[in-house]
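A.B. asks:
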Amino acid sequence: MKILVLNCGSSSIKYALYDMDTKKVLAQGGAERVGLDGAFVKVKLADGSKRQIMHDIPEHTEGVNFIFSLLTDPEIGAIKDLKEIDAVGHRMVHGGEKFNKSVIINDEVLEVFKSCFVLAPLHNPANLKGVEAVSKLLPGVPQVGVFDTAFHQTMPKYSYLYPLPYEAYEKYGVRRYGFHGTSHRYVSHRVCEFLGVDYDKQRIITCHIGNGASIAAVKNGKVLDTSMGLTPLEGVMMGTRCGDIDPQAITFLAEKMNLTPEEASAMMNKKSGVLGISGISSDMREIEAAVEAGNERAILAMQMYDYRIKKYVGAYAAAMGGCDIIVFTAGVGENQTSTRENVCKDMEWMGVKLNNELNATIHGKEAVISAPDSKVKVVVVPTDEELMIATDTMNLLKK
Numbered sequence: 000m001k002i003l004v005l006n007c008g009s010s011s012i013k014y015a016l017y018d019m020d021t022k023k024v025l026a027q028g029g030a031e032r033v034g035l036d037g038a039f040v041k042v043k044l045a046d047g048s049k050r051q052i053m054h055d056i057p058e059h060t061e062g063v064n065f066i067f068s069l070l071t072d073p074e075i076g077a078i079k080d081l082k083e084i085d086a087v088g089h090r091m092v093h094g095g096e097k098f099n100k101s102v103i104i105n106d107e108v109l110e111v112f113k114s115c116f117v118l119a120p121l122h123n124p125a126n127l128k129g130v131e132a133v134s135k136l137l138p139g140v141p142q143v144g145v146f147d148t149a150f151h152q153t154m155p156k157y158s159y160l161y162p163l164p165y166e167a168y169e170k171y172g173v174r175r176y177g178f179h180g181t182s183h184r185y186v187s188h189r190v191c192e193f194l195g196v197d198y199d200k201q202r203i204i205t206c207h208i209g210n211g212a213s214i215a216a217v218k219n220g221k222v223l224d225t226s227m228g229l230t231p232l233e234g235v236m237m238g239t240r241c242g243d244i245d246p247q248a249i250t251f252l253a254e255k256m257n258l259t260p261e262e263a264s265a266m267m268n269k270k271s272g273v274l275g276i277s278g279i280s281s282d283m284r285e286i287e288a289a290v291e292a293g294n295e296r297a298i299l300a301m302q303m304y305d306y307r308i309k310k311y312v313g314a315y316a317a318a319m320g321g322c323d324i325i326v327f328t329a330g331v332g333e334n335q336t337s338t339r340e341n342v343c344k345d346m347e348w349m350g351v352k353l354n355n356e357l358n359a360t361i362h363g364k365e366a367v368i369s370a371p372d373s374k375v376k377v378v379v380v381p382t383d384e385e386l387m388i389a390t391d392t393m394n395l396l397k398k
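The letter at position 283 of the sequence shown is residue 282 when you use numbering that gives the first Met the number 0, and the numbering goes up by one with no holes.
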């Protein structure tokens, strides 16, 4: 069975084509700057090399259409005919309280999904464009929606509600939803397979640390809590997002700086975080280089970044009555050894003891990086959201 996975963002389209009989990636890449000048598609070829192809992509249908043409290209394609694609799985960001698992997409599902647009105005419309593009280009091919929010729907009410007037939840759905759920689901299951332990009997803290970042507490197979909230802004400090702050600070700044709600949102989402503190970049590779060069604001940004992750790890250990496994994943979690070391430093009180020498050598591969006598296993697990989406798609079709 060949399954195409699409992840449509506001100005990007990531894709991966899987042969699910072997779990082999047949093709993968991504379109960037959709709807903007200078659009292009990056393609990873069979030999591991990459190629960048310039192509005008005014909207998502054209982007998906061009990706389909690359899949069947005589020189760099992976299949001869689009009819070889048995199904398409989509990353769908916000399903609200409506979806607690992946679903086969139909008109009813899309209507419910559209009702969640107000909760994710940047992400959900882009996801829908991907579905509509496939419907036009491959009519009749089954499509599956895999929701970022679904995995977190096991949170208890006392965990996901905000201490606002209750009508904010009843009338407007204001509550914690959580994101990166497909990644948290994948790595929490995978780490238990890797360690050979029972998933339903573990207390796991999953740290999805990338340009966007979130932490989740998974106790006995269910999410107890997660750091992102109504939107992906809440939680730990991120590349350009502020994470947790005093809400009154924003009304204060909005008044002082004459900011509209849209401008205040842009400041918190696009101009804050590591970029806002360092004044250099949101790219951790550039921040690490600046730290090495002694840049004080870069050093401060990294200290804040690591400290806030550590606070969540400690809080979630307390909430679960202890911790058995800590997982680091995503771009920073898989590759930035200093962040892993700083988060685990001085955490012996909760049973964490890192093997610093081993940790310094691990980049983007599965490995236990805790010391042999550590009570808590600390593990690096590269995430694979695309494989998770493809697997969900295959399982639903087989049912």
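In this text, a Cβ means the ideal position worked out from N, Cα and C, and glycines have one as well.
What you are looking at is a predicted structure, and each value in this text was computed from that prediction instead of being measured.
Hey, could you find the ends of the alpha helix (DSSP H) V108 is sitting in?
C.D. replies: Note, V108: alpha helix (DSSP H), D106 to K113.
A.B. asks: Excluding five sequence neighbours on each side, which residues of the same chain lie with their C-beta closer than 7 Å to the C-beta of L353?
C.D. replies: Result list for L353: E340, C343, I368, S369, A370 and V377, in chain order.
A.B. asks: For the alpha helix (DSSP H) that M387 lies in, which residues bound it at each end?
C.D. replies: M387 -> alpha helix (DSSP H) spans E384 to K397.
A.B. asks: I think F67 touches L44, with their Cβ atoms under 8 Å apart; what is that distance to the nearest whole Å?
C.D. replies: Not confirmed; about 17 Å, so no contact.
A.B. asks: Please list the terminal residues of the continuous beta strand (DSSP E) segment that includes R399.
C.D. replies: The structure shown does not extend to residue 399, since the chain spans only 0 to 398, so no value can be given for it.
A.B. asks: I want to know whether the region 146–153 touches the region 189–201 - three or more CB-CB distances under 8 Å.
C.D. replies: As far as the Cβ criterion goes, the region 146–153 does not touch the region 189–201, which means the pair count is below three.
A.B. asks: What do you reckon, are the CB atoms on V63 and G144 nearer than 9 Å?
C.D. replies: No, Cβ-Cβ distance for V63 and G144 is not below 9 Å.
A.B. asks: Could I get the ranges of all uninterrupted beta strand (DSSP E) runs contained in the region 101–163, with 3 residues as the minimum, in chain order?
C.D. replies: Whole beta strand (DSSP E) segments, 3+ residues: 142–146.
A.B. asks: Distance check for G234 and H93, CA to CA, integer angstroms please.
C.D. replies: The straight-line gap from Cα to Cα measures roughly 17 Å.
A.B. asks: Output the distance between the C-alpha atoms of V217 and Y315, rounded to the nearest integer angstrom.
C.D. replies: Each residue's Cα considered, the two are about 9 Å apart.
A.B. asks: When you compare each of W348, K374 and R175 to D323 by their alpha carbons, which one comes out closest?
C.D. replies: That would be K374, whose Cα lies nearest to the Cα of D323.
A.B. asks: So within the region 276–359, which uninterrupted alpha helix (DSSP H) runs reach at least 4 residues, ignoring any that extend past its ends?
C.D. replies: For the region 276–359, whole alpha helix (DSSP H) runs of length 4 or above, ordered along the chain, are 283–291, 295–319, 329–334, 336–343 and 355–358.
A.B. asks: Spell out the partners DSSP gives N64 in its beta bridges.
C.D. replies: Answer by DSSP bridge pairing: none, since N64 is not bridged.
A.B. asks: Using beta-carbon positions only, say whether G8 and A132 come within less than 9 Å of one another.
C.D. replies: Not a contact, by the Cβ cut-off of 9 Å.
A.B. asks: Pick from L69, Y176 and K23: whose alpha carbon is nearest that of K41?
C.D. replies: That would be L69, whose Cα lies nearest to the Cα of K41.
A.B. asks: Since G209 contacts V331 with CB under 8 Å, what's their CB separation in whole angstroms?
C.D. replies: Contact flag correct, Cβ pair sits at about 6 Å.
A.B. asks: Could you say which of A119, R90, I52 and L194 lies nearest to I75 if we only look at CA atoms?
C.D. replies: Among A119, R90, I52 and L194, the Cα nearest to that of I75 belongs to I52.
A.B. asks: Going straight from the alpha carbon of F112 to that of H179, what length do you get?
C.D. replies: Spanning the two alpha carbons is a distance of roughly 17 Å.
A.B. asks: Report the residue ranges of all beta strand (DSSP E) runs contained in full by the region 27–101; include only those spanning at least 3 residues, in chain order.
C.D. replies: Within the region 27–101, the complete beta strand (DSSP E) runs of at least 3 residues are 39–43, 49–53 and 86–91.
A.B. asks: In whole angstroms, what separates the C-alpha of V351 from that of N257?
C.D. replies: Whole-angstrom Cα-Cα distance: 47 Å.
A.B. asks: Considering only their Cβ atoms, is the gap separating A265 from I249 smaller than 9 Å?
C.D. replies: Not a contact, by the Cβ cut-off of 9 Å.
A.B. asks: Can you tell me whether DSSP reads D18 as helix, strand or coil?
C.D. replies: Reduced to three states, the DSSP call for D18 is strand.
A.B. asks: Can you give me the C-alpha to C-alpha distance between L137 and N105, rounded to a whole angstrom?
C.D. replies: So the alpha carbons of these two residues sit roughly 15 Å apart.
A.B. asks: Can you tell me whether S373 is helix, strand or coil according to DSSP?
C.D. replies: DSSP places S373 in coil when its eight states are reduced to three.
A.B. asks: Please go through the same chain and pick out, in chain order, the residues whose beta-carbon is closer than 8 Å to the beta-carbon of H207, but skip the five residues on each side of it.
C.D. replies: Within the same chain, H207 has close Cβ partners H179, S182, H183, V186, S213, I214, A215, T328, A329, G332 and T382.
A.B. asks: Could you name the residues of the same chain whose beta carbon sits closer than 6 Å to that of L395, not counting the 5 residues immediately before and after it, in chain order?
C.D. replies: Within the same chain, L395 has close Cβ partners I103 and V143.
A.B. asks: DSSP on T259, reduced to helix/strand/coil?
C.D. replies: T259 falls in the coil class under three-state DSSP.
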